Amino acid sequence: MTATLSALILGTYCLLSFLCFSHVRHDGTCGPAKGFLMPLLAGFTLISHFPVTDPLVFVLIGALLLGGLGDVLLEHRKTYVPGGLSFLAGHVLYAALSVTQMKGSGSLPLIPALLGLLVLFPAIFCQRQLLKAVPRKLLPAVICYSCAIACMCLLTFCRFRAVSTASFILCLTGSCLFVLSDSILAHRFFLHGKGIGVMETYTLAQALLAIGYGISL
1453 MTATLSALIL GTYCLLSFLC FSHVRHDGTC GPAKGFLMPL LAGFTLISHF
1503 PVTDPLVFVL IGALLLGGLG DVLLEHRKTY VPGGLSFLAG HVLYAALSVT
1553 QMKGSGSLPL IPALLGLLVL FPAIFCQRQL LKAVPRKLLP AVICYSCAIA
1603 CMCLLTFCRF RAVSTASFIL CLTGSCLFVL SDSILAHRFF LHGKGIGVME
1653 TYTLAQALLA IGYGISL
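Residue numbers for the sequence shown follow this note's numbering, so the first one is 1453 and each next one is one higher.
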């Protein structure tokens, strides 16, 4: 994926996302249009790699499509759990991409891994207030999901030796934005906050991850 093509994809995607957000309903949801953003981004990714020579492209597309499925399921309170599982599976695929690319670097870089853990400590501290508000029956699921997205973020940090600087920065920024978006969303669910910026940070995170992983495949 060239820089020009990446810029074109990101620009088109951001424009369509803006059009989607311009019709946000009073309850904070974006309506049916939100469910088309991730499949659209997956389509852009497939076109940019056509003909596909690396099977990992399909792993990236799978992660994006799982995000799209999660978008649809989270629009309805009765399907929150399947929606969360869909996003969890997407995070696992992103993590798998990072692990696969890290194999080319020879070994797991220790210093970035330790720095990544230090970055996670403030996040864990901030989650204490959230975890106190989570119903006891949902606590294991929330902790499991939090660990999964934290691992995804850490693994994007640990692949810096195996990929280009652009890919490293895009994926690391995207994964951090994903953590921010999910944190805002969780506070809206459990602490009844306004959830401002959830979709903006989420859609940008997905775009950066798609392009960041895309240029390394």
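In this text, a Cβ means the ideal position worked out from N, Cα and C, and glycines have one as well.
Every value quoted in this text rests on a predicted model; they were computed, and no experiment measured them.
Bounding residues of the alpha helix (DSSP H) (the contiguous stretch that carries residue i)
| i | result |
| --- | --- |
| Ile1667 | No alpha helix (DSSP H) holds Ile1667; DSSP gives it neither H nor E. |
| Thr1497 | 1489 to 1500 |
| Val1544 | 1532 to 1554 |
Collapsed DSSP secondary structure at residue i in the structure displayed
| i | result |
| --- | --- |
| Asp1634 | helix |
| Ala1614 | coil |
| Asp1523 | helix |
| Leu1517 | helix |
| His1639 | helix |
| Thr1655 | helix |
| Pro1503 | coil |
| Gly1626 | helix |
| Pro1592 | helix |
| Val1511 | helix |
| Val1586 | coil |
| Ala1662 | helix |
Candidates the options: closest to residue i by CA position
| i | options | result |
| --- | --- | --- |
| Ala1548 | Leu1526, Leu1512, Tyr1532, Leu1493 | Leu1512 |
| Leu1622 | Ile1663, Phe1630, Ala1638 | Ile1663 |
| Val1509 | Cys1610, Leu1545, Ser1633 | Leu1545 |
| Lys1589 | Thr1653, Val1533, Gln1658 | Val1533 |
| Val1631 | Thr1653, Met1490, Cys1610, Ala1618 | Thr1653 |
| Leu1637 | His1501, Leu1624, Gly1522, Pro1503 | Gly1522 |
| Arg1611 | Glu1527, Ser1598, Phe1539, Met1554 | Met1554 |
| Leu1607 | Asp1634, Leu1661, Phe1641, Phe1642 | Leu1661 |
| Phe1620 | Leu1669, Ala1593, Val1524, Ser1635 | Leu1669 |
| Arg1613 | Ser1550, Leu1540, Ala1600 | Ser1550 |
Local Cβ density within 10 Å of residue i, reported as buried at 16 or more and exposed below that
| i | result |
| --- | --- |
| Ser1616 | exposed |
| Asp1479 | Legend: pLDDT at Asp1479 = 45, less than 50; position of this residue unreliable, value from coordinates given subsequently. By the 10 Å Cβ count, Asp1479 comes out exposed. |
| Cys1596 | exposed |
| Arg1529 | exposed |
| Thr1497 | buried |
| Ala1585 | exposed |
| Ile1499 | exposed |
| Leu1493 | buried |
| Arg1477 | Confidence is the limiting factor: at Arg1477 the pLDDT is only 46, short of 50, which leaves the residue's position unreliable and the question unanswerable from this model. |
| Pro1484 | Summary for Pro1484: the model assigns pLDDT 49, below 50, so the residue's position carries little reliability; its value from the coordinates is reported in the next sentence. Pro1484 should be labelled exposed. |
| Ser1627 | buried |
| Phe1502 | exposed |
| Leu1591 | exposed |
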